[in-house]
Amino acid sequence: MLAAQLFFLISLLFVIRLEQSRGKDVSLEAEKRRGGNEVITSSPVLATEVDQDISFGYKGSRLRQEDFPPRIVEHPSDLIVSKGEPATLNCKAEGRPTPTVEWYKDGERVETDRDNPRSHRMLLPSGSLFFLRIVHGRRSKPDDGSYVCVARNYLGQAISHNASLEVASKCRCSFFPPLVVLILTSFVRTRCPKIVL
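Numbering (mature numbering (1 follows the signal peptide of the UniProt record, and there is no 0)), first residue to last: -23 to -1, 1 to 174.
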């Protein structure tokens, strides 16, 4: 109850200062009522006048009591994916107004289909990052690395945990001679050359 009263008083003082900065006449009266409660009264203010002036640098934004900063409710997980296969790094954020989500790989902003329609990375409406195919090679920038998603609205930002995306390499092993006989207590060491496709 005390917190609600304090919030009301701070909000009212904010409106009063806003009105004073506009040059309007604002009068305050403090009067005692039953139980010793103070009541602060002021000249009536239209809510639309206040809403239009509080933008904090974001076009069309209005500070409302129900607005809250973003928070990540689903963090991305580490992935190991084969080259050329699809993959999804999940990220879900809450906030009011609904936050925008961006992805960063190794500290650099990730280009998605919203930046370049030909991109193989898509930013889904949920905030997840979908790869049509995992790229790993010399001709293009590889997809493997450390990713974070960042959710933003006019009240702040939230950053997810790091998630690593690794490209699985295919390995072809061959044993010579074709038949190897081992004693149960012995060890064998084989070589498997790494072949990057």
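We treat Cβ as the ideally placed atom computed from N, Cα and C, and that holds for glycine.
In the DSSP assignment, the beta strand (DSSP E) including Ile49 goes from what residue to what residue? Phe45 to Glu51
Residue span of the beta strand (DSSP E) that contains residue 183, given as start and end: Shown here, the chain extends from -23 to 174; a query on residue 183 therefore has no answer.
Going by C-alpha to C-alpha distance, which of Ser54, Trp80 and Gly104 sits closest to residue 189? As shown, the chain starts at -23 and ends at 174. That puts residue 189 outside it, with no answer to give.
Whole angstroms are fine: how far does the CA of Val127 sit from the CA of Cys68? 9 Å
CB-CB under 7 Å to Ile57, same chain, minus the five flanking residues each way: which ones, in chain order? Same-chain partners within the cutoff: Glu143 and Ala145.
Spatial neighbours of Gly133 within its chain, please: CB distance less than 8 Å, with the 5 preceding and 5 following residues excluded, ordered by chain position. Taking Gly133 as the centre and dropping the five residues before and after it, the same chain places the C-beta of Pro46 and Pro47 closer than 8 Å to its C-beta, in chain order.
Assigned secondary structure, Val130 (DSSP; H/G/I helix, E/B strand, else coil): The sequence as given places Asn at residue 130; Val does not occur at that position. DSSP places Asn130 in strand when its eight states are reduced to three.
Just to confirm the assignment, what range does the beta strand (DSSP E) spanning Ser146 have? Here Ser146 belongs to no beta strand (DSSP E), and DSSP marks it neither H nor E.
Closer than 8 Å, CB to CB, is Leu100 near chain D or not? Chain labels in this structure do not include chain D; a single protein chain is all it has.
Work out the CA separation of Gly84 and Pro119 for me, nearest whole Å. 15 Å
Along the chain, where does the beta strand (DSSP E) that runs through Lys69 open and close? Per DSSP, the unbroken beta strand (DSSP E) holding Lys69 starts and ends at Lys69 to Arg73.
Quick one: what does DSSP say Gly114 is sitting in, helix, strand or coil? coil
Identity of the residues DSSP links to Leu66 by a beta bridge: Leu106
Only counting the same chain, and skipping five residues up and downstream in sequence, which positions put a Cβ closer than 8 Å to that of Asp90? Excluding residues within five positions, the ones whose Cβ falls inside 8 Å are Ser96, Arg98, Met99 and Leu100.
In the structure shown, what three-state DSSP assignment does Lys9 receive? Any answer about Lys9 is weak, because its pLDDT of 36 lies below 50 and its placement is not dependable; what the coordinates show is given next. Reduced to three states, the DSSP call for Lys9 is strand.
Note down, in chain order, each residue of its chain lying with its Cβ closer than 6 Å to the Cβ of Thr65, except the 5 sequence neighbours on either side. Ser105 and Phe107
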